[in-house]
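Comments concern the structure below.
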């Protein structure tokens, strides 16, 4: 080339069309009726917020935590930059003397899983919970010192949901006092294992324990997979990365296969079950019920995580919808400086209908997550005293709530992305990669469809118990309460006579309870009286789990805004008012979405349906002026959002163009491939060697 | 390093657990009741299929069309490889003497948009339709010769949906007989323009025509943007790529800004409106109604495209669901070689419910696309004769159908992906990138929410006409027919008394017609009698558009399987039977999804709802054995699908491992970043310089 091709493209210094995003957001913020900061403190506590700002200040100055290039990186560069973040975080924790909460906040703000994530989330916890003292010394101590980097290898190429179908074997060899790990088929390759592909040097491997010729099913082993000196795979092991995924490409999800690979006796995690040396005799683990408590805790965290997911998605979409103006609404034109301007899209009812219920859902998940943690603690105390009466309901609800809320989250992320119009499709929206990375939540920790079966089994069993007079309503078991109420009056009707009646908390709870109970009764009848098979009822089975969990979400929200001690003080009256609006909106929007189930039960009339819809629109109108303040209260910093559309300052278009300037394709004037793929067409052959080509 | 790091990871040669995918798919294929090839020919014609196989044979041997690396490429490599494909296709067309259909098939099979896509789809068609003879010579001829590579620049950073709000100006300068293009603000930057970022040297630019001080709104201009000799941007122009997107990263969507950039008078596309030289006098375009015909044609193509999208997604998910076995269904365990095996997930009702209606929907879109093309041709003939009576209904339905069917497609692609469990999340499923690339369809060519307003405006107007006695039912206007029927009996009830009644074609059509009419009547009442604003009714407005278009989809399917001459021959009886099952399944599954609207109208009773659900499950049972044959009939070659899960031969696990071997991270033993980010933790400082590090 006869010119310098390495010229970066720069936008001219021009302002966007007025009114600017800054002015628009300022006018939105002036409309809010409550103190944003007070609402943030109510949700997070002041302590947590202060810690977050402290950690944020550190990360914003750490090159290893810089997000500037996040949306441009190739897969390989994502892995490399993630490893850098992981190793730097180990140092930062020491330098900054961060405790576990601070470290969690750092990972939360970085907002991207990395190769070491499973080391912290699965490898170390498993080593803590399932090892003997000897094993703690051998495995846990080096893991805490990062000499061992670990992962958790359960899923196989051929088996995910059905853990009992795993094929990898661990055969005890009494002669040498070893276990022999083996992958008998291609489908037995461990697959999807986070951190295994390239980073880990150890793995917890779930393998079928075989001793004395008996197959005892899947059990956990600690296995060294890579050399500690040079990181090469150990002999007898085939290990690598499973390749590109829809998202999560900053993690090296891996595969591993074992070819008669021997590990010492001490590798078998022996806290709960043991294999005796020499004899190979097996002793069983104790009652597994205690571990259900842990599952409840994990799922409470997932529901709290859904709150953050909804908060992030709605923060971006609501702010951008206040900045983005499109069309003049002839019926009520907007004015700015006395000139008619286009209308911010957030003023269109359809946009409100797409976004504001998702804001309400974020708050709903907060209250249910909080309640799950409270019940988890109650239940742990009760179980310590031998009282297992709370466990079944809590565990069953937690399965369905994981399923329901993660599905809500992923749908809302995508709804929010689409509600951002064309720019939602740009990676700079922050919503695209977020959707991609969040998506595994609907499949892992229990596939969302399969999980509903656990919840529904419990619901049907409880229904049969209530009918048989073997279950009494109690404060801790709302399922029994709503089922009992239903059976007392299975032909009940909704008492609403005007739209505002639908905001009555008791009316709402009765309606959700009735609808859940009606569905459960119908399924029970089909199975118990008409002999329908479980398989043929799976569609309805997933519906009753959802109905029950929507009851739980609505109830926890409603109860909190009636009774919460902190909210019902005089000073917090403005918070309470807006949260009550949101509780109604969440409940009624959910009703409208699930309308068929309220109608088929004969519970709502057609007239009441019209009232319900009117009340939803009315609530949207009331929430509309609070919208930007409500998402501000989520207190999600720009560093966390990393979104051109969701910036706190509303400088959407400035950010879009700055981020476009950083696109690597814009670092040269003429694209790679021009010479061979475009020039032969555009520069005529005869002229190509002559004057015009030299221009 | 003291060892060769460049060692590729290879899987051991092991077979998957039996029964293999090959055996499972063979047994599925043995169950089909109809001739797969006959169904393919019915949909595509034998001629099209032969052409496809001919083109396929060429592409499979063309390195520029090789898909092997598709899922591993960085953004930059995607652009480079796309340019290679584009330039090679120009040569192939000549070498192979391909006509337009062959070329379309080549692009269809390659299945990825590229920098030249908009040159063919927008630049050339616009030049063909909107130019004078002089302009054809100046612009169209070089475009056809690829000396000009073009794009179509309409959308701006601040304006997408509202074309009238575009800010770029083109001011006529009578002194020099030029137009001056200018971007007055940052928001006026053209944005999202496919092919503009790096490849195009010309653009059609939509800019506000200003002449004699008057702003005449957006008009099209042909503008040279890059030098033909060396591809550098012209002076006065800022142009580049808008950066990474959620999908579509093989296309260089670009931005452009003009700084008082002059273009000659001839650049103004002057077929319809003109600006007179020297005086700058403007003359208006003729009636725009003719162009609505073209929109109908484009949307018919989109609906046909939805058919392919659904076909692709369901082919992958159905085949994999027949191969993937998970859990033993205790109630009816599967046997293979007399041994109990796990159950293919396609045998679970929930999986059938997720997948088989989407198969049916693909066929529904085929019949509606076909009908739209028939009506388009009828209407073109009618308009030639000055008869515009068909246009309104056809155009209105086409808006809503674009909205409805592309939304159906994107939802089904994602449903199919999730139905593939964990592996659906791997790029090797073929569904991830497909989802990403398909997604813009719900936003472009009219945002799916905004489009519904066009349809509903027509529906409300027609309703008012029917009430006023100003509209007569006719064969070509089913809207008037169902509205008239509704008004004759607005309290009608569904006559079903047993589940199988729901498969009665007349019952189905009456139900869909009634439900659409009821919704329209409700909205009309709210607006016309209660004075509700358009904005406050947007949610219901989008619902009535959907209700109408679901009626259209169902009707076209039902009518075809009653009356199609080719299908109702004796020889095609088996095809007809299976298509009738699918028509029922599509209709009843849609009813169930939209149940609330049938219930709120009082049209279905609770008992009938139970019958409907029973009939859906019954239809799933009947379609189940045909499932693999039905997707085989879509005749989508493995090259097109590029999916490990959807392969015709069922070798799912072999393909997953082969594709994992190709992951670039697996081409070295030890990952980049090991030395700086892992080694400092795992190799103890003291030992690092000593013996163990040299191992």
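Chains as they are written, first to last, in my numbering: chain A, 1015 to 1709; chain B, 1015 to 1709. All residues carry an ideal CB built from backbone N, CA and C; glycine is no exception. From a predicted model like this one, the values you see are computed outputs, not experimental measurements.
- For residue 1136 of chain B, no chain A residue has a C-beta closer than 8 Å to its own C-beta; the minimum C-beta separation is roughly 16 Å.
- Annotation for residue 1196 of chain A: no alpha helix (DSSP H) segment contains it, though the beta strand (DSSP E) segment containing it runs 1192-1196.
- With respect to the 7 Å criterion, residue 1208 of chain B and residue 1265 of chain B are classified as neighbours on the basis of their beta carbons.
- Annotated as proximal: residue 1602 of chain A and residue 1630 of chain A, with beta-carbon spacing under 7 Å.
- For residue 1176 of chain B, the nearest CB of chain A lies under 7 Å from its own CB, placing it at the interface with that chain.
- Rounded to whole angstroms, the gap between the alpha carbons of residue 1342 of chain A and residue 1527 of chain B is 34 Å.
- Among the CB atoms of chain A, one or more fall inside 7 Å of the CB of residue 1677 of chain B.
- A residue is called buried when at least 16 other Cβ atoms come within 10 angstroms of its Cβ; residue 1240 of chain B meets this threshold and is buried.
- Listed in chain order, the non-local C-beta contacts of residue 1486 of chain A below 7 Å within the same chain comprise 1494, local neighbours out to five positions each way being set aside.
- As a beta-bridge residue in DSSP terms, residue 1440 of chain A pairs with B/1259.
- A contact is defined here as three or more CB-CB pairs under 8 Å, and the region 1520-1540 of chain A fails this definition with respect to the region 1635-1655 of chain A.
- In chain A, no part has a C-beta under 8 Å from the C-beta of residue 1112 of chain B; the shortest such distance is about 18 Å.
- It is roughly 8 Å from the alpha-carbon of residue 1338 of chain A to the alpha-carbon of residue 1172 of chain B.
- In terms of CA proximity to residue 1153 of chain A, A/1278 leads the group A/1194, A/1278, A/1119, A/1267.
- Within the region 1029-1051 of chain B, 1029, 1030, 1031, 1032 place their CB atoms closer than 9 Å to a CB of chain A, listed in sequence order.
- Within the same chain, Cβ atoms closer than 6 Å to the Cβ of residue 1418 of chain A are found at 1560, 1563, the five residues on either side in sequence being excluded.
- The count of Cβ pairs closer than 8 Å, one atom from the region 1347-1361 of chain A and one from the region 1311-1327 of chain A, stays below three, leaving the stretches out of contact.
- Here the region 1536-1556 of chain A does not lie against the region 1444-1453 of chain A, with fewer than 3 beta-carbon pairs under 8 Å apart.
- In terms of beta-carbon proximity, residue 1685 of chain A lines the interface with chain B, with at least one pair separated by less than 7 Å.
- In this structure, residue 1365 of chain B lies away from residue 1403 of chain B, with their beta-carbon atoms at least 7 Å apart.
- Ranked by Cα distance from residue 1673 of chain A, the options A/1322, A/1659, A/1386, A/1191 are led by A/1659.
- Within chain A, the C-beta atoms nearer than 8 Å to that of residue 1697 of chain B come from 1242, 1243, in chain order.
- Residue 1096 of chain B is positioned such that its CB atom lies no closer than 7 Å to that of residue 1139 of chain B.
- Inclusion of residue 1195 of chain A and residue 1214 of chain A in the CB contact set at 7 Å is not warranted, their separation being larger than that value.
- Annotation for residue 1229 of chain B: no alpha helix (DSSP H) segment contains it, though the beta strand (DSSP E) segment containing it runs 1228-1238.
- The region 1279-1296 of chain A makes contact with the region 1174-1188 of chain A: 3 or more CB pairs, one atom from each, lie closer than 8 Å.
- Counting along the chain, no alpha helix (DSSP H) covers residue 1338 of chain B, and no H or E run does either.
- Per DSSP, reduced to three states, the secondary structure at residue 1580 of chain A is coil, with no helix or strand assignment.
- DSSP places residue 1216 of chain B inside the beta strand (DSSP E), whose first and last residues are 1216-1225.
- Residues of the same chain with a CB within less than 7 Å of the CB of residue 1655 of chain B, apart from the 5 flanking positions on each side, are 1326, 1329, 1330, 1444 in chain order.
- If you draw a straight line from the Cα of residue 1426 of chain B to the Cα of residue 1453 of chain A, it comes to about 16 Å.
- Taking a cut-off of 8 Å for Cβ pairs, the region 1140-1147 of chain B and the region 1113-1131 of chain B do not touch, as fewer than three such pairs fall below it.
- In the displayed model, residue 1136 of chain A falls within a helix according to three-state DSSP.
- For residue 1253 of chain B, DSSP records a beta bridge to B/1270.
- DSSP places residue 1508 of chain B outside any alpha helix (DSSP H), giving it a letter other than H or E.
- By the criterion of a C-beta distance shorter than 7 Å, residue 1369 of chain B is surrounded in its chain by 1328, 1331, 1332, 1335, 1430, 1433, once the five residues flanking it on both sides are discounted.
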